[in-house]
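K.L.:
Just dropping this structure here.
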Amino acid sequence: MWFIRKFCYSLLVLWGVASLVFTLFSVIPGDPALVVLGPRAGQAEIEQFHHQTGTDRPWIKQYLHYINDLSPISIHHATNPKHLLYLNTDVYTSFIPVVSVSHYKLILKAPYLRTSYISKTPVSSIIADSWPETALLAFTAILLATLLGIAIGIWFAVTTWHKLRSAVFVGIQIFGISTPSFFIALLFAWLLGYVWSSYTGLSPTGSLYEVDNLKGPVLAWHNLILPLITLSLRPMSIIVQITQASFQDVLASDYIRTARALGFSNLRILTRYALKNALNPVVTAISGWLASLLAGAVFIERIFNWKGIGNEVVEALNNSDLPVVMGCTLFFAFLFVCINSAVDVIYRWLDPRIKINLL
């Protein structure tokens with residue numbers, strides 16, 4: 394029952410995000426037709442562009458058409474090509490008819506994110522092509538930040554430090570937390586990719602694939618190093634602090650003192666009794682930062698010329714390619730909803746006492 398309520402709640406969130414995105418991009422000043430067609434485009438060309446994209450219709454009709462395109466269950470007119478909800482098989486290439494009433498059909502389909510104004514490519518294809526590199530960067534960054542952050546946080550929690558050494562480590566953590574990722578990216582690109590490139594062998598820019606004159610596209614894993622370090626530094630600093638504080642609280646609890654009095658080893662106490670109970674706030678930080686990394690990758694990808702969704706979003710913004718920007722925004726929102734739902738399930742596993750209430 395909880396999963397059904399959570400699913401319905403997630404659908405409401407996605408509907409709200411889609412409505413907000415459509416409204417915001419509808420009121421943006423400027424005409425995309427002038428950007429796409431050029432300033433010398435004639436009035437007839439501009440009107441044809443608006444007719445093809447549906448922007449010549451009233452706002453409410455555009456909104457209903459947009460939501461109908463996004464919905465996996467949608468209504469379409471089967472015979473009239475001029476109808477707002479016409480079932481164009483060139484657009485909806487794959488669907489399953491559910492029921493027909495008069496000239497209308499109810500169908501099951503994948504969400505339709507429209508087509509790029511510039512490249513005429515379906516937005517879903519653009520996301521499918523660029524998502525793997527963004528996913529690789531974001532998930533490896535959060536994995537690195539999690540493993541190192543938890544390990545270092547536990548080390549700090551169980552070790553007694555000299556004041557000077559402790560101050561140095563705290564200073565490093567504060568630097569990692571407070572410094573913006575784009576500044577760290579520029580700093581690392583300049584130092585490690587330019588000034589010391591003869592020692593590091595790294596380039597300030599580059600994507601996952603490079604073109605070799607003889608072999609064609611080849612994997613270039615070394616190009617992942619700089620954006621990976623840049624993107625993982627801030628969440629790792631946060632995870633270190635949270636893990637350290639959480640473990641210190643757990644290690645000071647009564648049941649841990651009882652375990653020590655019974656003669657249990659420190660390793661057993663840490664791994665069997667303290668670890669699971671100390672991970673709740675850490676999971677919260679990890680889930681929040683994973684969502685932030687997916688969004689923050691926009692700036693990092695642009696600086697390092699990493700060919701992911703972030704780079705596509707920036708290019709689309711520069712070209713006023715609204716369908717691409719809107720489609721990528723909705724895709725990120727879908728990922729955030731999935732991540733938050735997964736975190737709720739993990740909470741229940743970590744601490745069965747937690748009762749997850751939807752509303």
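One rule links them: number in the numbering used here = place in the sequence shown (from 1) + 393.
Glycine is no exception: its CB is placed at the ideal position from the N, C-alpha and C atoms.
Name, in chain order, the residues that DSSP records as bridge partners for E708.
P.N.:
Looking at the DSSP assignment, E708 forms no beta bridge with any residue, so it has no partner.
K.L.:
Could you have a look at K454 and say whether DSSP puts it in helix, strand or coil?
P.N.:
In the structure shown, K454 sits in a helix (DSSP, three-state: H, G or I).
K.L.:
Which of the three DSSP states is assigned to L595 in this structure?
P.N.:
Of the three classes helix, strand and coil, the one that applies to L595 here is coil, per DSSP.
K.L.:
What is the rounded straight-line gap between the Cα of S574 and the Cα of S509?
P.N.:
For S574 and S509, the distance between alpha carbons rounds to 30 Å.
K.L.:
Distance check for A531 and L683, CA to CA, integer angstroms please.
P.N.:
Their Cα atoms are separated by approximately 7 Å.
K.L.:
Under the rule that 16 or more other beta-carbon atoms within 10 Å means buried, what is D714, buried or exposed?
P.N.:
By the neighbour-count rule (16 or more Cβ atoms within 10 Å), D714 is buried.
K.L.:
For T623 versus I693, is the C-beta spacing smaller than 8 Å?
P.N.:
It is a contact, given that the beta carbons lie within the stated cut-off.
K.L.:
Buried or exposed: which applies to H469, given that a residue is buried once 16 or more other Cβ atoms fall within 10 Å of its Cβ?
P.N.:
Under this definition H469 is a buried residue.
K.L.:
Output the boundary residues of the alpha helix (DSSP H) element that contains L655.
P.N.:
First-last for L655: undefined, no H or E at that position.
K.L.:
Quick one: Cα of L612 to Cα of G447, how far?
P.N.:
Taking the straight line from one Cα to the other gives about 41 Å.
K.L.:
By Cβ distance, which residues of its chain are closer than 8 Å to W524, with the 5 residues on each side in sequence left out?
P.N.:
So the qualifying residues of the chain are G701, I702 and F724.
K.L.:
Closest by CA to S625, which one among L585, P504, G569 and R665?
P.N.:
The candidate whose alpha carbon is nearest that of S625 is G569.
K.L.:
Quick check: what's the CA-CA separation for S512 versus I519?
P.N.:
Roughly 10 Å between the two C-alpha positions.
K.L.:
Have a look at L430, V428 and Y505 and flag the residue whose alpha-carbon is nearest the alpha-carbon of I460.
P.N.:
Of L430, V428 and Y505, the residue nearest in Cα terms is Y505.
K.L.:
If you compare alpha carbons, which of F488, I739, I631 and S517 is closest to I545?
P.N.:
It is I631 whose Cα lies nearest to the Cα of I545.
K.L.:
Within 10 angstroms of its Cβ, does T539 collect 16 or more other Cβ (buried), or is it exposed?
P.N.:
Label assigned to T539: buried.
K.L.:
Check whether the Cβ of K399 sits closer than 7 Å to any heavy atom of the ligand SAH, and report yes or no.
P.N.:
Judged by which ligands are present, the structure shown has none, so any question about the ligand SAH falls away.
K.L.:
Could you tell me which residues DSSP pairs with V492 in its beta bridges?
P.N.:
Looking at the DSSP assignment, V492 forms a beta bridge with L499.
K.L.:
Are the beta-carbon atoms of F640 and A678 separated by less than 8 Å?
P.N.:
No, these two residues do not count as a Cβ contact at 8 Å.
K.L.:
Can you find the residues in the same chain that come closer than 7 Å, C-beta to C-beta, to N750, ignoring five residues on each side of it along the sequence?
P.N.:
Reliability of the predicted coordinates at N750 is poor, the pLDDT of 47 falling under 50, and no value is obtained from them.
K.L.:
Please go through the same chain and pick out, in chain order, the residues whose beta-carbon is closer than 6 Å to the beta-carbon of F418, but skip the five residues on each side of it.
P.N.:
Excluding residues within five positions, the ones whose Cβ falls inside 6 Å are L715 and M719.
K.L.:
Would you list the one or two residues that DSSP bridges to V611?
P.N.:
Paired residue(s): E603.
K.L.:
Rounded to a whole number of angstroms, what is the C-alpha to C-alpha distance between K399 and P474?
P.N.:
Using only the alpha carbons, I get a separation of about 38 Å.
K.L.:
Pull the bridge partners of H470 from the DSSP assignment, please.
P.N.:
Looking at the DSSP assignment, H470 forms a beta bridge with Y479 and Y497.
K.L.:
Give me the Cα-Cα distance between S600 and F581, rounded to the nearest whole angstrom.
P.N.:
Distance between the alpha carbons of S600 and F581: 16 Å.
K.L.:
State the CB to CB distance for the pair L617 and L537, rounded to an integer number of angstroms; the pair is presumed to be in contact (CB under 8 Å).
P.N.:
That belief does not hold up - the Cβ atoms of L617 and L537 are roughly 11 Å apart, past 8 Å.
K.L.:
When you compare only the Cα positions, how much space is there between L584 and I577?
P.N.:
Spanning the two alpha carbons is a distance of roughly 10 Å.
K.L.:
For the putative contact between F757 and A426, defined by C-beta atoms under 8 Å, what is the C-beta separation to the nearest angstrom?
P.N.:
Any question about residue 757 goes unanswered here, given that the chain covers just 394 to 752.
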